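If you count the sequence shown from 1, you need to add 358 to reach this note's numbering. Even glycine gets a Cβ: it sits at the ideal position worked out from N, Cα and C. On a predicted model such as this, the values are computed, not experimentally measured, just so you know. Structure first, commentary second.
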Amino acid sequence: MAYQIYENNFGDKYITLVGISSRGFEIAKLLQNELDLISNLKSILLEITIEKENPSVDTTVIKPLKFEIKGTVVIVDDVLNTGRAMVYALLPFLSLKAPKIQVAVLVDRNHKKFPIAADYTGIQLNTTFQEHVSVEINKKKQLDVYLQ
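Structure (structure tokens):
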């Protein structure tokens with residue numbers, strides 16, 4: 359995914375990676391490390407906290423509190439299911455007039471209720487609503503994905 363992000367933003371000097379707390383943020387950190395190794399993009403890393411069960415604009419928090427948007431904003435999450443959490447992650451950056459917004463997810467489940475599509479996908483799984491996808495980051499900072 360890091361190579362794809364670099365290829366699609368090759369002419370930029372900066373990129374802003376925004377990880378949805380908590381696993382999305384960990385994946386964003388891993389992407390930042392890879393981008394630092396393979397590109398000359400200067401990356402800014404932000405964490406956005408959303409109440410996934412009951413999201414709202416009022417409860418969405420971006421850390422650090424003071425930040426500057428530079429270049430393309432890439433919002434990162436572990437699993438894209440209905441798209442609801444991603445919509446709330448996008449809203450603050452729309453109001454900040456980000457020049458370009460992209461979405462990166464490790465797993466895309468294809469159960470969309472909102473018009474959200476991932477620009478970068480680690481794996482696409484066609485699952486049932488009864489199945490659960492979990493993502494874990496092990497001690498070696500490697501990603502493990504489980505379908506239950």
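Between which two residues does the alpha helix (DSSP H) containing residue i stretch?
{"i": "alanine 462", "result": "Element bounds for alanine 462: not the alpha helix (DSSP H) but the beta strand (DSSP E), 459-466."}
{"i": "lysine 387", "result": "381-396"}
{"i": "isoleucine 363", "result": "360-366"}
Output the boundary residues of the beta strand (DSSP E) element that contains residue i.
{"i": "leucine 404", "result": "400-407"}
{"i": "isoleucine 378", "result": "372-378"}
{"i": "lysine 421", "result": "419-421"}
{"i": "aspartate 477", "result": "Taken as a continuous stretch (DSSP letters only), aspartate 477 belongs to no beta strand (DSSP E), as it is neither H nor E."}
{"i": "serine 492", "result": "491-495"}
Under a three-way DSSP split, which group does residue i fall into?
{"i": "threonine 440", "result": "coil"}
{"i": "leucine 454", "result": "coil"}
Considering only heavy atoms of the ligand MN, does any lie closer than 7 Å to the CB of residue i?
{"i": "aspartate 466", "result": "No copy of the ligand MN appears in this structure; indeed no ligand is present at all."}
Between the Cα of residue i and the Cα atoms of the options, which residue gives the shortest distance?
{"i": "valine 419", "options": "Ile378, Ile363, Tyr364 and Leu389", "result": "Ile378"}
{"i": "isoleucine 396", "options": "Met359, Asp502, Ala447 and Gln482", "result": "Met359"}
{"i": "isoleucine 433", "options": "Glu409, Asp416 and Ala475", "result": "Ala475"}
{"i": "leucine 483", "options": "Ser414, Val465, Val503 and Leu448", "result": "Val465"}
{"i": "glycine 429", "options": "Leu448, Lys458 and Thr407", "result": "Lys458"}
{"i": "glutamine 488", "options": "Glu411, Ile495, Lys410 and Leu505", "result": "Leu505"}
Per DSSP, which one or two residues make a beta bridge with residue i?
{"i": "threonine 485", "result": "DSSP, once it has assigned bridges, lists no residue as partnering threonine 485."}
{"i": "valine 415", "result": "None, per the DSSP bridge assignment."}
{"i": "tyrosine 446", "result": "The partner list for tyrosine 446 (beta bridge, DSSP) is empty, contrary to what the question assumes."}
Rounded to whole angstroms, how far is the Cβ of residue i from the Cβ of residue j, which I believe are closer than 8 Å?
{"i": "leucine 403", "j": "alanine 386", "result": "6 Å"}
{"i": "leucine 389", "j": "alanine 462", "result": "7 Å"}
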